[in-house]
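These notes are about the structure you will find just below.
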């Protein structure tokens, strides 16, 4: 009886408590969840769970972060190296005279026109790419500029520069030459191309060039094209753009520069010396230059041969090999380009800027504009 009384007393207390809570809920406006509310709540919970990792200890959700900024693709290794060095590189890689009063200077800082007699800079030309590898002037005076990102054409009458969107074997242009028909041969590091300057037409490409890279170009006495490559010389028939002959097994292997003599022999500069190829196909080595890294060759109007090497500039008698000695006081001993008999001077492109040598006194001077720390 005692336990039953206690139980009834506790039941009555619980009932009174529930009644009180119901009255409070009604006065405060609180409502019991309906089936619709429960459904929405369940849907929200499921959506939240779908966005979480399923880990009960995971951090609460926050608004999404902004998308990361767009990142351009990384440049290829060759382009990266060139872009890193171009601002600090003062090499004058190409010289092209036009008549007796104009010299075009191509460097790794761009293109400029100077008066070769006075050295005065007449114009600086903005190019699509400032790294100039080669220059050539066609039969109507247009300047063709080979850069490391393709080919451009300059009309000197208007100053207009036009990028040429030809499908070259490679955009890295190393050499240019106008043949006897007025066509433009373009040497790249992955083959040759032939262009009609007047029609603006790519006529043919030679992608499977033996030796791959067209480092240097020269015509012979018969109008055939010779190409200096990474593996010797290749002779090209200009009419058919086909390979006629290969000359391999040269000392130094790689042909870096070519020059045709006034009497029809081809002079060849390699990392291991200077060679002469006669019209019978015989090759001879020029003894005083054995072991020299020959990088530039040009004949002057009195038939002296000017030779640029990585160790200075020389002038030799091509008939007996006698040398007048090295030319001193240049911006650098690494010679890259030559233009003799231009404003009564030999203009010299080096790895550290532009210089000149008097053709009469052999006195030398540096051009103040094309050098490091120029004013």
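Numbering (the numbering used here), first residue to last: 7 to 381. Ideal placement from N, C-alpha and C gives every residue a C-beta, glycine not left out. Keep in mind the model is a prediction, meaning the values are calculated, not measured.
Check, Outcome
"By the DSSP assignment, the beta strand (DSSP E) with residue 359 in it spans what residues?", "359-364"
"Please look up how many angstroms separate the CB atoms of residue 216 and residue 196, rounded, as I've assumed it's under 8 Å.", "Not really, about 13 Å apart at Cβ, beyond 8 Å."
"Would you decide whether residue 343 is buried or exposed? Buried here means 16 or more other CB atoms lie within 10 Å of its CB.", "buried"
"Give, in chain order, every unbroken run of the beta strand (DSSP E) that is at least 3 residues long and sits entirely within the segment 239-318.", "248-253, 263-266, 272-276, 279-283, 289-291, 300-305 and 311-315"
"Can you list, in chain order, the residues of its chain with a C-beta nearer than 8 Å to that of residue 214? Leave out the 5 residues immediately preceding and following it.", "197"
"Please state if the CB of residue 138 and the CB of residue 156 are separated by a distance shorter than 9 Å.", "no"
"Starting from the C-beta of residue 33, find all residues in its chain whose C-beta is less than 6 Å away, skip the five residues before and the five after it, and write them out in chain order.", "In this prediction, residue 33 scores a pLDDT of 44, lower than 50, which makes its location untrustworthy; no coordinate-derived value is stated."
"Are residue 127 and residue 140 closer than 9 Å when you measure CB to CB?", "no"
"Determine which residues share a DSSP beta bridge with residue 104 and list them.", "108"
"Return yes when the Cβ of residue 191 is within less than 9 Å of the Cβ of residue 239, no when it is not.", "no"
"Compute the Euclidean distance between the alpha carbons of residue 248 and residue 299, then round it to the nearest angstrom.", "30 Å"
"Which first and last residues belong to the beta strand (DSSP E) in which residue 377 is found?", "370-377"
"On the criterion of 16 or more Cβ atoms from any shown chain inside 10 Å, does residue 178 qualify as buried, or is it exposed?", "buried"
"Is the distance from the Cβ of residue 245 to the Cβ of residue 285 below 9 Å?", "no"
"Compute the Euclidean distance between the alpha carbons of residue 297 and residue 290, then round it to the nearest angstrom.", "14 Å"
"Under the DSSP definition of a beta bridge, which residues are partnered with residue 161?", "166"
"Give the DSSP-derived three-state secondary structure of residue 174 in the structure shown.", "coil"
"Grouping DSSP H, G and I as helix and E and B as strand, with all else coil, what is residue 210?", "strand"
"Leaving out five residues on either side along the sequence, give the residues of the same chain with a beta carbon under 6 Å from the beta carbon of residue 210.", "200 and 247"
"Counting only the same chain and skipping the five closest in sequence on each side, list residues whose C-beta sits under 6 Å from that of residue 292.", "280 and 327"
"For a quick check, are the C-beta atoms of residue 340 and residue 301 less than 9 Å apart?", "yes"
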